[in-house]
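One gets the numbering used here by counting positions in the sequence shown from 1 and adding 5 to each.
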Amino acid sequence: MLVCRYIDEGRPRYGRLEHSGDGSHVVPVAYDPEAGRWVEADGPARPLPELTLLPPAEPSKIACVALNRAPEGHVPDGSGRPAGAASCAVVLKPPSSLTGSGDTVFHPGSAWELTYEAELAVVIGVRCTRVRPGDAARVVAGYTCANDLTAYALPAEDVPGGAARTPYPPVWAKHFDGFTPLGPWLATDLDPADAEITCAVDGETVRRATTRGLLVPVHEVIAAVTEHMTLLPGDVILTGTPAGSGPLSPGNRVEVSIAGIGTLTTTIGKPEERQCEG
């Protein structure tokens, strides 16, 4: 089943995608945490083209697993890194970094090198803590495409007028608004152990890999994150990029595709087009 989040009469809802000879429609559903599955909900079906889609999650936190990629030419066999909570470096991103498919994310400026990271994201369905690897699937509401955008601070000598600049600490690399594009919808029946991930920039494929390339597989990632913190319904885990990252510039169009889910599209905007609020 594919499940999207959308605006219906001014409020967010979830719905399953249904395809027929009349086109694609969205039928309302809700997640039942006791049953551990999506169930039918009240409300009319809506034509998909008429809906405004939202990111398919409402997280209180976004946990990113860093350095979960095998070296070039190495196929993980369980010996590359010990399993368990201590083996995963986890970085938290704020909910304000979330954005949906088709949205524009603004480049932070000349002091930063912006990069893409195409990943499989896990959306949690129930409150959970200290989940065993063998039980990980039971706490998952669905899987979706993610682009874990990251901006590395450039050395002062590489930045125009940078001699007088104070270097930015690395902690800011993932925290900019919009730096977690997610979507376009959730897949509930995906096998996360062997999902093909493709990243294209301006129509050219720049990365292709599968989740078999992760040092710590997805079910163990869920166990490791919940060893450190309690996860709530809607929380998101970015499981790591199996194919590596690459640079982005204003004007680039990035597409992250995962077989069995779909394609997440993001356009990189110019830094001067960012609006100030407050």
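For every residue, glycine included, the Cβ atom is placed at its ideal position computed from N, Cα and C.
Fair warning: this is a prediction, and the values are worked out from it, not measured in the lab.
Item: What does a CB cutoff of less than 6 Å around Gly265 pick up in its chain, not counting 5 residues either side in sequence?; Value: Ala192, Leu195
Item: Quick check: the Cα distance between Asp182 and Arg279, rounded to an integer number of angstroms?; Value: 10 Å
Item: Three-state secondary structure (DSSP) at Pro222?; Value: coil
Item: Between Glu55, Arg213, His224, His112, which has its C-alpha nearest Thr246's C-alpha?; Value: Arg213
Item: In this structure, what does DSSP give as the bridge partners for Val70?; Value: Val95
Item: For Thr271, count neighbouring Cβ atoms within 10 angstroms of its own Cβ and tell me buried if that reaches 16, exposed if not.; Value: buried
Item: State the start and end residues of the unbroken beta strand (DSSP E) segment that holds Ile12.; Value: 7 to 13
Item: Check whether the stretch 101 to 120 and the stretch 14 to 26 touch, using three or more Cβ-Cβ pairs below 8 Å as the test.; Value: no
Item: Taking the continuous beta strand (DSSP E) assigned at Cys150, which residues delimit it?; Value: 145 to 152
Item: Ignore the nearest five residues each way along the sequence and tell me which others in Glu282's own chain have a CB closer than 8 Å to its CB.; Value: none
Item: Please report the residue range of the beta strand (DSSP E) in which Gly267 lies.; Value: 267 to 274
Item: Please report how far the alpha carbon of Val136 lies from the alpha carbon of Leu236, in whole angstroms.; Value: 10 Å
Item: Mind checking whether Gly130 and Pro238 have CB atoms under 7 Å apart?; Value: yes
Item: Helix, strand or coil, according to DSSP, for Thr231 in the structure here?; Value: helix
Item: Ends of the beta strand (DSSP E) at His180?; Value: Careful: His180 lies outside any beta strand (DSSP E) and carries neither H nor E.
Item: Are three or more beta carbon pairs between the stretch 56 to 76 and the stretch 33 to 44 nearer than 8 Å?; Value: no
Item: Per DSSP, what kind of secondary structure is Gly130 in: helix, strand or coil?; Value: coil
Item: Measure the C-alpha to C-alpha separation of Lys275 and Leu269 and round it to an integer number of angstroms.; Value: 20 Å
Item: Could you tell me whether the Cβ atoms of Thr185 and Leu103 are closer together than 7 Å?; Value: yes
Item: Can you tell me whether Lys275 sits near the ligand ADP, meaning its C-beta is under 6 Å from at least one heavy atom of the ligand?; Value: In the structure shown, the ligand ADP is absent, as is every other ligand, since no ligand is present at all.
Item: If you follow the beta strand (DSSP E) that Arg18 is part of, which residue opens it and which one closes it?; Value: 16 to 25
Item: Compare the Cα-Cα distances from Cys150 to each of Pro138, Leu58, Val261, Arg10 and report the closest residue.; Value: Val261
Item: Pick from Leu243, Pro113, Asp47, Gly147: whose alpha carbon is nearest that of Trp177?; Value: Pro113
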